[in-house]
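Asker: With mature numbering (1 follows the signal peptide of the UniProt record, and there is no 0) applied, the sequence shown corresponds to residues -18 to -1, 1 to 114, in that order. What follows is a single structure, and I will ask about it in a moment.
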Amino acid sequence: MTVLYLLFTIGYILNAQASTKGPSGKEYSQEILKAYPLSDGEGARYKPLGPSEPSDNRYVQNLLKASPEYKKYADCTASRSADGVEDSDFIYLIEIQCQKGAFYVKILKRPIPKRPNKAPDQIIKVLDKLPQ
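See the structure below:
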């Protein structure tokens, strides 16, 4: 029983540490943790979701259509959005409403390219649940 308790305690501590560290293992500063209170459990931090801009719908649909693995979400509409960080990268989270429910598109934001060979923003992942 003691061994089981010890394993649960270690798991709890590791999970708590994972929510304050980025994917690289580098710990986020207190300012980042305050500014971005939500976590997706994979190291990314987000601000609370707010209403999306009208341009978010076109933006996310274009990204979804351009990604072969995410084309099935291309008919969904954007409803809410939030800025976020993942290590030193700025990311964007857009909630999309589909017939099957809500999904959350995690997008890597890149600066406006000055050279034509630089890649534009790209989808990192589509999440099934809202970051907590």
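Heads up, the beta-carbon is just placed ideally off N, CA and C, and yes, glycines get one too. These figures come from a predicted structure and were not determined experimentally.
Check whether the segment 40 to 57 and the segment 13 to 26 touch, using three or more Cβ-Cβ pairs below 8 Å as the test.
Answerer: The answer is no - the segment 13 to 26 does not touch the segment 40 to 57, with fewer than three Cβ pairs under 8 Å.
Asker: Give the straight-line distance between the Cα atoms of glutamine 10 and aspartate 69, rounded to the nearest whole angstrom.
Answerer: By one-based count along the sequence shown, residue 10 stands at place 28. By one-based count along the sequence shown, residue 69 stands at place 87. For the sequence presented, residue 10 should be read as tyrosine rather than glutamine. Going by the C-alpha atoms only, they are around 8 Å apart.
Asker: Select from Gly83, Ser63 and Asp71 the residue whose C-alpha is nearest the C-alpha of glutamate 77.
Answerer: Residue mapping note: residue 77 aligns to position 95 of the sequence shown, counting from 1. Considering only alpha carbons, the answer is Ser63.
Asker: Look up alanine 84 in the DSSP assignment and say whether it is helix, strand or coil.
Answerer: Residue 84 sits at position 102 when you count from the first residue of the sequence shown. Correct three-state label for alanine 84: strand.
Asker: Is alanine -3 helix, strand or coil by DSSP?
Answerer: Counting from 1 along the sequence shown, the entry for residue -3 is found at position 16. Low per-residue confidence applies at alanine -3: pLDDT is 49, beneath 50, and the placement is therefore not dependable enough to give any value.
Asker: Among the residues of its own chain, which have a CB less than 7 Å from the CB of leucine 112, if the five just before and after it don't count?
Answerer: Residue mapping note: residue 112 aligns to position 130 of the sequence shown, counting from 1. Tyr86.
Asker: Ends of the alpha helix (DSSP H) at serine 34?
Answerer: Residue numbering aside, residue 34 sits at position 52 when the sequence shown is read from its first letter. First-last for serine 34: undefined, no H or E at that position.
Asker: Could you tell me how far apart the beta carbons of isoleucine 106 and isoleucine 73 are, in whole angstroms, since I believe they sit closer than 8 Å?
Answerer: Your numbering for residue 106 matches position 124 in the sequence shown. Your numbering for residue 73 matches position 91 in the sequence shown. Indeed they touch by this definition, with Cβ atoms about 7 Å apart.
Asker: Near glutamate 35, what residues of its chain come up, given a Cβ to Cβ distance below 8 Å and the 5 sequence neighbours on each side ignored?
Answerer: Position 53 of the sequence shown holds residue 35. So the list reads Ser63, once near-sequence residues are dropped.
Asker: Would you tell me roughly how many angstroms separate the C-alpha atoms of arginine 92 and glutamine 81, rounded to the nearest one?
Answerer: In the sequence shown, residue 92 corresponds to position 110, counting from 1. In the sequence shown, residue 81 corresponds to position 99, counting from 1. If you take the alpha carbons of arginine 92 and glutamine 81, they lie about 30 Å apart.
Asker: When the Cα of serine 37 is compared with those of Gln12, Ser61 and Gln114, which residue comes out closest?
Answerer: For the purposes of this step, residue 37 is taken as the residue at position 55 of the sequence shown. It is Ser61 whose Cα lies nearest to the Cα of serine 37.
Asker: Between which two residues does the alpha helix (DSSP H) carrying alanine 56 extend?
Answerer: Taking the sequence shown and counting its residues from 1, one reaches residue 56 at position 74. Alanine 56 -> no alpha helix (DSSP H), and no H or E assigned at all.
Asker: Between Ile89, Lys54, Ala48 and Arg40, which lies nearest to valine 67 when the distance is taken from Cα to Cα?
Answerer: Position 85 of the sequence shown, counted from the first residue, corresponds to residue 67. Valine 67 has its Cα closest to that of Ile89, out of Ile89, Lys54, Ala48 and Arg40.
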